[in-house]
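To keep things clear, I will list the structure first and then write my remarks on it.
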Amino acid sequence: MRDGKRAASAPWIRTRLRTAPGAAVALAVLVLVTAFLAAAFPRAVDAYETKGLRHDIRLADAGRSAVEVSRPQPGLELPRERRETGVRTPELKRIGGALGKALPDPLRAEMSSVAYGVRTLKPVLATEPWLPRPDTVPPQLSYTAQTGLKEHARLVEGAWPTTPAEVTAGSRAVRGAVTEETAAALNMKVGSTLRLPTAVGGPLTVTITGILAPRDPGGSYWSADPLVRTPSLIPDPASPFPQNYWTGTVLLAEDAGPALLATATEPSLFWRFPPDPSTLTGPDGARLTAVVNSLESGPGLLKVRAIAGDTAEVLTGLGHIVQANARMRDAISPVIAVAALGIGSVAAVVLVMTGALIAARRKAELALMRSRGGSLRGIGGRLLAETAVTVVPASALGLLLAVLAVGEGRWWPAALAATGVGLLVCVALPLRTTLQHIRPTLHGAREDMVSARPSRRRTVAELTLLVLAVGAVTALRRRGTSGGGTDLLVSGAPVLVALIAALVLVRLYPLPLRLAARPMARLRGAIGFLSLARAGRSSAGGALPLLALLLALATAAFGGSVIAGIGDARDDAALTAVGADARVSGKSERATLPDELVRTVRDLDGVRNAAPLRVEFGVAMPESAAGDGGVDDSGTDTGADSGGGGDAAGARATTMVGVDPASYTRLARTTGLPDFPSGLLKATGASAPLPEGAKSGPERVLPVIASPAVAARLGKEQHAVDTLSGDFKVQVVGTVERVASLASTNFLIVNSASLEQRAPTTLLLTGAPDPGKLRAAADGSGEEFVVQLRSKERARYVNTPMQAGAERIYLAAVAAGAGYALLAVLLSLLQTAPERKTLLARLRTMGLTTGQGRRLLAFEATPQALLAAGGGLLTGWATIVLLSPGIDLVPLALAGVAGSDTSPVTLRADLWSLALPAAGVVALAAAVAGVQAWWASRRGSITELRAGDSR
């Protein structure tokens, strides 16, 4: 019996596939694309998280990322031979190998850069007379004997430091080497000698035998302790006067460690393991943090001490690097979840629409099978089998393509996503089809939306969804997504908003149709009345197609606005950092620009406007005004700008910016910064320019434009201020929120012509000057000036792999949302295509012309298209407006860039992201209607109309 059933099933499936190959191929392609997107998303997230973690570890300072095990020298209570054996290379190598193997997963060391040896923790005062003394203070040198010197350095001069005889604690002569930078800064050369005092006997003499050049200066071997590669001039903390001295490191021979045991330099043993990020993945971040914590103060430290000694310690900043990466990941993931849930919901609705289209096309066939005794179980089993034949291979192929397209990432989330797509189609299509045939039915009456009344169940379901949507939006507005963590209810708020909008629009849709049908019925032409009647009767205007369109359009608008918001935030941050398209300033705050340089730069090709500024930080506020305030209203501490420290300094100091009113207002209008009427700072009367060489007096009153915080403290009264540009009184005549080239919210803008010292410190340029010519003009002035370009500053914000990966996902979300929206329109129109063809055929027998038929189909499709486009535009706009207070785009736009402005970046509606998808829906609907009318006009009425046809 089973064999007979199996034999009977095979011809049915094969026959169905041969009968409708186009539908099977179309369904397979749709499932393939959807499964590919579903499987590629988690792999893409894993990929950018993995690249971001590896990027952060590689770019971190080697001294922070390396895992270093250190311990003091062997105890003085031990025999001399045992102490010497403990610091020799074989013993250090044995311990280093054991420590490397003991590193717990997923932490792995980059073995080619591992270093271990003996170093001095206490610098030694070098009294040799030939060493440089910048402020009469002798240099202080450290000494290290570490392995791998020949592998990581290149000999430039002399010979490698060696140990001709065995070095012991009693040895008083060893050999060493220094890098080229150390030799140049400290006047060292081959043959130079240094002396270290010892506890017993004469000093230890170190002879420099070689000058070295690092093979990889940025590698961990040379960068974990920068003094090994490059000496540094540092201030003397013990001196009451500002005095500097040199400090550096001398590299001893690899086996010279025992000689340091006799010195008072606090010798220490160390094993340094730079991490190998090539084996790490994004999900390994949490495990890596736990491993580092264990090594620093946990079970891992006990294992380290069992190998290296009871006094061993583990020092590393790797945990902080991983935690910073995790904070960025947690800040980005909720925003990404919004796009994922939106596109996933759209794809699910489109797949269900596809099942509805197939069910509608096979409704008569299955009704006939049901009326002749077919069971629901048997019909459902046949539909499941024929669906699985095409869906399962398509899902598997989509998974395979996703794995090949996105190389890095876990496979099981992708497999679950692709399986979910296939399961949805395999279950939804047979279930939706069989539920329509629970009872055998005859040909039913037409369903007219104008006269249809929603059931109580539908009302309850809509109210439930409304409550969920309101709760999700309220939670998102209160908590936001910048706090870290992903909440599916919060991230799904745009989906719920679009769902409620779709249900509300479907309920409101009959009202305009009813109002428009009455005047149309009185007109002589039948086209308008027929189009409204068809639009109200057509299932293309149902809740499911409209839901798909609103979800797709809202998601596309949300994603497009996120992309536009990221770009705007980066543009604004670059403008804040530079002040204009280009900027020329001195290296120090008080360096002024010569007039010749200003004229040369102003005359360069591509410069449209040049605005000289005189910026003076740390201008003391009047006592009467400074006592009112504290920190400004925005909570900004201006200590960085003013040179003060803390709140008190921020209250008593501000930044004065001297400008040429005409050129600055032109620059502000060009760059989009707040401007002011140039006449407010007109240099007349008491503020008239001073004669050459004249001194400014306190009786002069200068009008100033102030920031709101400073204006609130100064009020309208006159206040005396003392500046490097002169002493005068100021009176606030206006306020602006921002000033070019400053991120501070505490500033005063004055007319530079009224100042005693007018030489500019900064020159802001608009236009597109040639960077090479601009730098050449700055370098040709004979002094050192800094040239900053807004375009170069803008390029700094696109280098983080995590940010770039998240941005690519949003671009894909916008494209997928637009594609699914167009597909939803196409599916909704294809569902009613046979009825439209039959309608045109019947009307042509009554005298309808080809042109009238085209207008009829176009007018019929217009209400649904306009409803979807307008509803999608309003839904996307409302979603962005409702959710923008809880969305912070800083992690996507600016995080990870040193010196960037980290103030919140809110989400704003982007006009193009709203309008383009909506316009595409209307255009596609009109195009499909035109193609249907053209195709129907080529076929005769006899082809479409058959005897007994119930359509």
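With this note's numbering as the guide, the letters of the sequence shown map in order to residues 2 to 952.
Idealized CB from N, CA, C, for every residue including glycine.
For this session: Using only alpha-carbon positions, find the residue among Pro204, Thr767, Ala260 and Leu917 that is nearest to Arg81.
Result: Residue Ala260 holds the alpha-carbon nearest to the alpha-carbon of Arg81 among Pro204, Thr767, Ala260 and Leu917.
For this session: Might you give, ordered along the chain, the residues of its own chain that have their beta carbon closer than 8 Å to the beta carbon of Lys717, omitting 5 neighbours on each side?
Result: Excluding positions up to five away in sequence, the list reads Gln732 and Val733.
Problem set entry | Helix, strand or coil at Asn188 [DSSP, three-state] | Residue state for Asn188 is assigned as coil, using DSSP reduced to three classes.
For this session: Kindly give me the distance between the Cβ atoms of Thr121 and Glu267, rounded to whole angstroms, as I take these residues to be in contact under 8 Å.
Result: Contact flag correct, Cβ pair sits at about 7 Å.
Exercise. Given that a residue counts as buried once 16 or more other Cβ atoms are within 10 Å of its Cβ, and exposed if not, what is Phe242?
Worked result: Exposed, since its Cβ has fewer than 16 Cβ neighbours within 10 Å.
Problem set entry | C-beta atoms of Gly211 and Glu158 nearer than 8 Å | Yes, the pair counts as a contact, with Cβ atoms nearer than the cut-off.
For this session: Whole angstroms is fine: what's the gap from Asp604's alpha carbon to Asp573's?
Result: Going from the Cα of Asp604 to the Cα of Asp573 covers about 27 Å.
Exercise. Is Leu504 closer than 8 Å to Val350 when the C-beta atoms are compared?
Worked result: Not closer than 8 Å, so no.
For this session: For Arg134, name the three-state secondary structure that DSSP assigns.
Result: Residue state, collapsed to three classes: coil.
Problem set entry | Asp47 beta carbon less than 8 Å from that of Thr290 | Against a cut-off of 8 Å, the Cβ pair of Asp47 and Thr290 comes out as no contact.
Exercise. Per DSSP, what kind of secondary structure is Asp771 in: helix, strand or coil?
Worked result: It is coil, neither helix nor strand.
Exercise. Terminal residues of the continuous beta strand (DSSP E) containing Tyr144?
Worked result: Per DSSP, Tyr144 is one residue of the beta strand (DSSP E) stretching across Gln141 to Gln147.
Exercise. Considering only residues of the same chain and omitting the five flanking positions on each side of Gln853, which have a CB-CB separation below 7 Å?
Worked result: Ile528, listed in sequence order.
For this session: Go ahead and pull the three-state DSSP assignment for Pro284.
Result: Coil at Pro284, not helix or strand.
Problem set entry | Contact check, Pro546 vs Ala825, beta carbons under 8 Å | Yes, the Cβ-Cβ distance between Pro546 and Ala825 is below 8 Å.
Exercise. How is the alpha helix (DSSP H) around Tyr811 delimited, first residue to last?
Worked result: Unbroken alpha helix (DSSP H) run through Tyr811: Pro802 to Gln832.
Exercise. Excluding sequence positions up to five away, which residues of its chain have a Cβ less than 7 Å from the Cβ of Ala894?
Worked result: Excluding sequence neighbours, Ala894 sits near Ile567, Ala570, Arg571, Tyr798 and Val906.
For this session: Please state if the CB of Glu738 and the CB of Pro662 are separated by a distance shorter than 8 Å.
Result: In this structure, Pro662 keeps its C-beta atom at 8 Å or more from the C-beta atom of Glu738.
Exercise. Under a Cβ-count criterion, where at least 16 other Cβ atoms within 10 Å of its own Cβ denotes burial, should Asn294 be classed as buried or exposed?
Worked result: When all chains shown are included, Asn294 counts as exposed.
Problem set entry | Tyr510 - DSSP class collapsed to helix/strand/coil | For Tyr510, the three-state secondary structure derived from DSSP is coil.
For this session: Could you spell out the range, first to last residue, of the alpha helix (DSSP H) harbouring Val734?
Result: Careful: Val734 lies outside any alpha helix (DSSP H), inside the beta strand (DSSP E) at Gly727 to Thr736.
For this session: Give the DSSP-derived three-state secondary structure of Leu743 in the structure shown.
Result: Assigned with DSSP and collapsed to three states, Leu743 falls in coil, not helix or strand.
Problem set entry | Residue environment, Ser726, which counts as buried when at least 16 other CB atoms sit within 10 Å | Classification for Ser726: buried.
For this session: Work out the CA separation of Glu297 and Thr90 for me, nearest whole Å.
Result: Linking Thr90 to Glu297 through their CA atoms gives a straight-line distance of about 25 Å.
Problem set entry | Beta-carbon gap between Pro495 and Gly680 smaller than 8 Å | At the C-beta level, Pro495 and Gly680 stay beyond 8 Å of one another.
Exercise. Where does Val209 land, buried or exposed, given buried means 16+ other C-beta within 10 angstroms?
Worked result: Checking the displayed sequence, the identity of residue 209 turns out to be Ile instead of Val. With 16 or more other Cβ atoms within 10 Å, it is buried.
Exercise. How many angstroms separate the CA atom of Arg670 from the CA atom of Ala341?
Worked result: The alpha-carbon separation between Arg670 and Ala341 amounts to approximately 40 Å.
Exercise. Of the choices Glu808, Phe37, Ala29 and Leu867, whose alpha-carbon is the least far from that of Leu890?
Worked result: Cα-wise, what sits closest to Leu890 is Glu808.
Exercise. What is the C-beta distance between Ala654 and Val620, in whole angstroms, given that I count them as a contact (C-beta under 8 Å)?
Worked result: Confirmed, about 6 Å.
Exercise. Using DSSP with H/G/I as helix, E/B as strand and the rest coil, what is Trp161?
Worked result: DSSP, read as helix, strand or coil, puts Trp161 in coil.
Exercise. Just the Cα atoms here: how many angstroms apart are Gln758 and Val599?
Worked result: Our two residues, Gln758 and Val599, have alpha carbons roughly 16 Å apart in a direct line.
Exercise. With a Cβ-Cβ cutoff of 8 Å, do Ser221 and Arg55 count as a contact?
Worked result: Ser221 is not a Cβ neighbour of Arg55, given a cutoff of 8 Å.
For this session: Could you tell me the distance, in whole angstroms, from the CA atom of Arg701 to the CA atom of Leu756?
Result: If I take the Cα positions, the gap works out to 10 Å.
Problem set entry | Proximity winner among Gly673, Thr556, Ala502 and Pro623, relative to Ala575 (alpha-carbon distances) | For Ala575, the nearest C-alpha among the options comes from Gly673.
Problem set entry | Exposure label - Ile235; buried when at least 16 CB within 10 Å | Under this definition Ile235 is an exposed residue.
Exercise. The beta strand (DSSP E) with Phe242 in it runs from where to where?
Worked result: Segment: none, Phe242 is in no beta strand (DSSP E) and carries neither H nor E.
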